[in-house]
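Just so we're aligned, residue 14 is where the sequence shown starts under the working numbering, counting upward by one.
Backbone N, C-alpha and C define an ideal beta-carbon position, used for all residues, glycine too.
Please read all numbers here as calculations on a predicted model, not as lab measurements.
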Amino acid sequence: ANGTCPEVTETATITVETLAIGTFSYTTSSVCADGADQSVTLGANAVNGTYTVSPTGLDIDGANGSIDVSESSAGVYTVTNTIAATAVCAQVVETATFTINALPVVSIPAQPDYCEGDEVVLTANNPGGVTITWDNGITDGTPFNVSSSQVNYEVRATNSLTGCANTANVSLTVNDLPV
14 ANGTCPEVTE TATITVETLA IGTFSYTTSS VCADGADQSV TLGANAVNGT YTVSPTGLDI
74 DGANGSIDVS ESSAGVYTVT NTIAATAVCA QVVETATFTI NALPVVSIPA QPDYCEGDEV
134 VLTANNPGGV TITWDNGITD GTPFNVSSSQ VNYEVRATNS LTGCANTANV SLTVNDLPV
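Right under this line is the structure:
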């Protein structure tokens with residue numbers, strides 16, 4: 014009645030959520046196909062969401078991002094950690110690149126039987142053009158005289174760009190000289 018408005022008080026509840034953090038990495042971003050399995054290292058205050066991968070071929074645990082290298086194919090992959098949106102905060106998406114490098118291909122052609130002291134040339138089949146090393150002092154494609162005391166040889170192919178290596182073995186049949 015005095016021309017003033019009555020005082021009005023309203024109460025509201027405000028919910029403030031911290032935006033989730035999904036940053037992650039792996040101990041190494043690149044491994045050889047025979048390398049160790051990999052687990053996720055989360056960034057500061059980061060959480061696991063759902064992990065997916067593109068393209069297919071990487072065996073990944075969707076809950077924690079761990080990678081089973083032995084069950085995966087060689088390739089370059091994008092791993093995504095997706096944290097679902099809430100009623101207040103938007104979806105969070107973080108990615109990391111992970112590479113599995115193929116092992117070099119190496120083989121040794123079948124060998125004939127030899128006699129003690131025969132000249133032998135061992136040459137590895139090496140379609141990838143990687144570095145070839147033999148054990149027992151053998152040089153790829155270089156003649157040597159075979160002995161019945163040494164009949165097992167191993168060749169190692171190493172890719173200098175990735176550090177990945179693979180081996181092949183051969184056992185020679187070396188006959189004693191006729192008496």
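Report yes if the CB atom of Ile27 is closer than 8 angstroms to the CB atom of Val60, and no otherwise. Going by C-beta atoms, Ile27 is not nearer than 8 angstroms to Val60.
Enclosing beta strand (DSSP E) for Asn114 [first to last residue]: Val105 to Asn114
Using the beta-carbon count (16 or more within 10 Å), is Pro117 buried or exposed? buried
Can you find a heavy atom of the ligand FAD that lies under 7 angstroms from the Cβ of Tyr39? Among the components modelled here there is no ligand, and therefore nothing to report on the ligand FAD.
Determine the contact status of Gly70 and Ser52, defining contact as a CB-CB distance below 8 angstroms. no
In chain order, which beta strand (DSSP E) runs of at least 3 residues are fully inside the stretch 84-156? 88-96, 105-114 and 144-147
Under 8 angstroms between the Cβ atoms of Gly130 and Asn158? yes
Taking the beta carbon of Val66 as the centre, do at least 16 other beta carbons fall within 10 Å, making it buried, or is it exposed? buried
Do Gly56 and Thr36 have their beta-carbon atoms positioned less than 8 angstroms apart in this structure? yes
Test item: CB-CB of Ala170 and Val133 under 8 angstroms: no
Separation of Val105 from Gly154, as counted between CA atoms: 57 angstroms
Can you list, in chain order, the residues of its chain with a C-beta nearer than 7 angstroms to that of Ser161? Leave out the 5 residues immediately preceding and following it. Glu129, Val187 and Asp189
Roughly how far, in whole angstroms, is the beta-carbon of Gly62 from the beta-carbon of Ile96, given that I think they are within contact range, below 8 angstroms? 4 angstroms
Whose CA, out of Pro191, Asn149, Leu174 and Ser173, lies closest to the CA of Val183? Asn149
For Thr180, I'd like the list of residues in its chain whose CB is within less than 6 angstroms of its CB, leaving aside the five on either flank, ordered along the chain. Glu167 and Arg169
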